[in-house]
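Take a look at the structure below.
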Ligand SMILES: [Zn+2]
Ligand SMILES: [Zn+2]
Ligand SMILES: [Zn+2]
Ligand SMILES: [Zn+2]
Ligand SMILES: [Zn+2]
Ligand SMILES: [Zn+2]
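Numbering (the UniProt record's numbering), first residue to last: 1 to 247.
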């Protein structure tokens, strides 16, 4: 069976990864070593199951004011984005709010809300802002000892005041079912039902129509956001003293 994904111009095939095989996911830029992947063999284009099925837009608790939209590649001139969660650059899929310049790696958008780490006896919770130690003073990550900037996300112990770690030091787990719909629990089971619910792979199935319509509406919204942004930037350029009009 072939699938069409919005990020790639060829059809994709589902492929079961064998033990010892490694593929590079073009969605999240990490490796796929198990489970099934979506593959275009002529382009060496591969997607994790969950990256291929990721929803076109999500309501994310880190940015409740706007939906975040899945972009296949960054729209910035640099061709990269800086992830608000982990602070690292990315050049593949991102969840983005163009109005607020919020960009998340796909895997960062689906970090588990709670994890356990072998370096600490208590459960760690995902926070979207690290509390500052003192004014303008960032914490050090308790796993790698490097600086943990307060504008980045981290995992913090609820019992101990001072135990904060980088998201990527705490876990490489993803929970792709999170934040899919208004129904919080619905996304947690995975499987073929989820893929159809998302309506990403167009198979001509009519009950996907509703999802696709609202998806189109959000893409429309995204275009409007971009246009507003460009209009604002243009207005700024026109208003700036450096824009010399012919004398
Ligand atoms: Zn992936
Ligand atoms: Zn291809
Ligand atoms: Zn990230
Ligand atoms: Zn926003
Ligand atoms: Zn760290
Ligand atoms: Zn603790």
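No residue lacks a Cβ here, since even glycine has one placed at the ideal position from N, Cα and C.
Check                                                                                                           : Outcome
For residue 114, the residue or residues it bridges with in DSSP                                                : 125
Per-residue burial, residue 74 [other beta carbons within 10 Å of its own, 16 or more giving buried]            : buried
Given 8 Å, three or more beta-carbon pairs between the region 29-46 and the region 54-62                        : no
Whether residue 126 touches residue 113 by CB criterion (9 Å)                                                   : yes
Between the CA atoms of residue 152 and residue 38 - distance to the nearest angstrom                           : 31 Å
Alpha carbon of residue 166 to alpha carbon of residue 145, nearest angstrom                                    : 10 Å
Alpha-carbon to alpha-carbon, residue 143 and residue 119                                                       : 7 Å
Extent of the continuous beta strand (DSSP E) run through residue 105                                           : 102-105
Counted within 10 angstroms of its Cβ, other Cβ atoms place residue 49 as buried (16 or more) or exposed        : buried
Alpha-carbon to alpha-carbon, residue 97 and residue 235                                                        : 21 Å
From 155, 107 and 52, residue whose alpha carbon lies closest to that of residue 13                             : 52
Separation of residue 139 from residue 92, as counted between CA atoms                                          : 29 Å
Check: residue 14 C-beta below 8 Å from any heavy atom of ligand 1                                              : no
When 162, 228, 107 and 78 are compared against residue 84, the one with the closest alpha-carbon                : 107
Reduced DSSP secondary structure (H/G/I, E/B, other) of residue 190                                             : Summary for residue 190: the model assigns pLDDT 35, below 50, so the residue's position carries little reliability; its value from the coordinates is reported in the next sentence. The answer is coil: DSSP assigns residue 190 none of H, G, I, E or B.
Residue span of the alpha helix (DSSP H) that contains residue 177, given as start and end                      : No alpha helix (DSSP H) holds residue 177; DSSP gives it neither H nor E.
Distance, residue 117 Cα to residue 141 Cα                                                                      : 13 Å
Pair within 9 Å by beta-carbon distance, residue 169 and residue 163                                            : no
Closer than 8 Å: residue 54 CB and nearest ligand 3 heavy atom                                                  : no
Buried or exposed by the 16-neighbour rule on C-beta atoms within 10 Å, applied to residue 268                  : Absent from the model: residue 268. The displayed extent of the chain is 1 to 247, so no value can be given.
Rounded C-alpha distance that separates residue 4 from residue 223                                              : 23 Å
Heavy atom of ligand 3 within 8 Å of residue 105 beta-carbon                                                    : yes
Residue 9, buried or exposed, once every other Cβ within 10 Å from all chains shown has been counted against 16 : exposed
Residue 99 versus 237, 239 and 233, residue with shortest Cα-Cα distance                                        : 233
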